[in-house]
Amino acid sequence: MRYFSRVSENDLDFLEGLLGSRNLSTREEELIANSIDAYQGGFHKPEVVVWPEEPEQVSQILRYCNERRIPVYTRGGGTGLSGTTPIHGGVLISTVKMNRIIEVMDRDMQVRVQPGLIYERLNKELESHGLFFPPDPASASYCTIGGMVACNASGLKAVKYGTTRDYVLGFQAAFPDGSLRRVGFHTFKYSTGYDLVKMMVGSQGTLGVFTEITLRLRTLPEHAETIAAFFPSIRLATETIYHIVRRGLDVAALEFMDGWMTRAVSEFKGLGFPEAGAMILVESHGTRSAVRETLSRVRDIIREHGGFGIMEAEDEASRKRLWDARRGAYPATLRLAKTLVISDIIVPLSRLAEAVEKAYEIGDRHGVKVYCIGHFGDGNIHAHWCAEERGDEVLRKLHEANDEYSLYAISVGGAVSAEHGIGTEKKKFLRLQHPEAYDLLLKVKRMIDPNCILSPGIMFDVDEVIG
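Heads up, the sequence shown is in our numbering, so the first residue is 1 and it goes up one at a time.
Written out as structure tokens, the structure reads:
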């Protein structure tokens, strides 16, 4: 027997009465546009797409769907890489019309925003206040703040500034019972029992739907400089990264690209990089004198470990050129591969070189090509598993390689996701990741969403929740 109810004409009438006809669609093109994200893992159409504009509308949608047992999925910019599409159909809530900056609290160094606000737009608006929201995902031009909170995104500057979870001070969210609750404080620290804010960050729409988010901000750095360096081997590059971190140098970014990826982005962007086994990008923020002192010590470490071809970028244009190389990794890979699956493992720093070599070993065994990049300052690796062909069998091989890599991460004390989230892709590993606490995760889900209407199939299979 089917557990969930299909969306009926009566349901559509309710939604249209609540939202108006312009904020609801069952047109095929809208359903298809909202049936995929950036993860290559299946095509799942919702039965209806809605665009609420007010928090109360979201809460009423959830109350109604909970009573009718209609699945509800939430979508921001559609840039997710772990699979959060509506695999059980139902209602898809798009947050793109809830995209305002509600209030910049300058003296408190905080901002209140709606979930559909684009990350890049937020930081553009904050520049006039001398503030910024530090997490820096590669999809900055398209991803939404709500989506970043939902998967605990981080990105290029995490080695200094941390992840999205470190900046969420509070939120308003709608829950399946139709309640609209505020959680959190306007303070940078507190000790008031269980931390419900941190629990909700990274929940990927499985516990509630964010309708407003309060973020902590940082002061824009006075000065920033970037350097790039090339290495004969991956091991020398990763040793350099380890020593930069181990010596406590104040770097804002510490990025890695293997030789295959370095060559690909150099050709894609016309950058003329030298032939190398690996490349690293290092950026420092602070006063001009502090930045130059830090990067002087970084250059010494690079040279100690055989680095060559050091490129220095002091002005914005030259810095942008180097960062265009890093941000160009995804499109550069897509130029060379028709099918692509991206990993998001994180391992202890001592395992970085081993982890890259493990990716090559797994790729050879499965007969697939793999390029490795990542935020190596905190151990986060993105292996790009790719193939020049399309088809279900090719995609299956890429996922098998990626799954084996996830198992490797767990085996060395790492995690299957550092910033992309669990989604549908990695839920098979959640019990292995939390062998002694998985039942507690399920209890939280059952308590908040007993009918499993919120993003069913994301993180947890339905029969686990309602069984």
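Glycine residues also receive a C-beta, built at the ideal position from the N, C-alpha and C atoms. Since the structure is predicted, the reported quantities are computational estimates derived from the model, not experimental observations.
If you look at F14, you'll find it in the alpha helix (DSSP H) that goes 9-19. Burial check for T144: the Cβ neighbour count within 10 Å reaches 16 or more, so the residue is buried. In the DSSP annotation of this structure, the continuous segment of the alpha helix (DSSP H) that includes Q57 starts and ends at 55-68. Distance from the CA of R2 to the CA of D177, rounded to the nearest whole angstrom, comes to 22 Å.
For the region 337-386, the full-length alpha helix (DSSP H) segments reaching 4 residues or more read 352-366 along the chain. Around the beta carbon of T163, a 10 Å sphere encloses 16 or more other beta carbons of the protein chains shown; the residue is thus reported as buried. With three or more CB-CB distances shorter than 8 Å, the region 412-421 counts as touching the region 338-351. For E29, the number of other beta carbons within 10 angstroms of its own is below 16, and it is reported as exposed. At the C-beta level, H129 and D106 come within 7 Å of one another. The alpha carbon of V368 has as its nearest neighbour, out of E125, A401, L336, the alpha carbon of A401. With respect to the C-alpha of F132, the residue from V104, N152, V149 having the closest C-alpha is V104. In the structure shown, M311 adopts extended strand secondary structure according to DSSP, grouped into three states. Residue state for T262 is assigned as helix, using DSSP reduced to three classes. Assignment of alpha helix (DSSP H) within the region 162-248, counting only whole runs of 4 or more residues, yields 196-200, 234-246 in chain order. Restricting attention to A332, T84, L352, F4, the CA atom closest to the CA of R75 is found in T84. Contact check for L180 against S25 fails: the beta carbons are separated by 7 Å or more. The DSSP-derived three-state label of I93 is strand.
The three-state secondary structure of L271, taken from DSSP, is coil.
Boundaries of the beta strand (DSSP E) harbouring H285: 278-286, taken from the DSSP string.
Under the three-state reduction of DSSP output, T294 falls in the helix class.
When secondary structure is reduced to three states using DSSP, D392 falls in the helix class. L352 has its alpha-carbon roughly 15 Å from the corresponding atom of V159. Q110 carries a strand assignment under DSSP once its states are collapsed to helix, strand and coil. Assigned with DSSP and collapsed to three states, F132 falls in strand.
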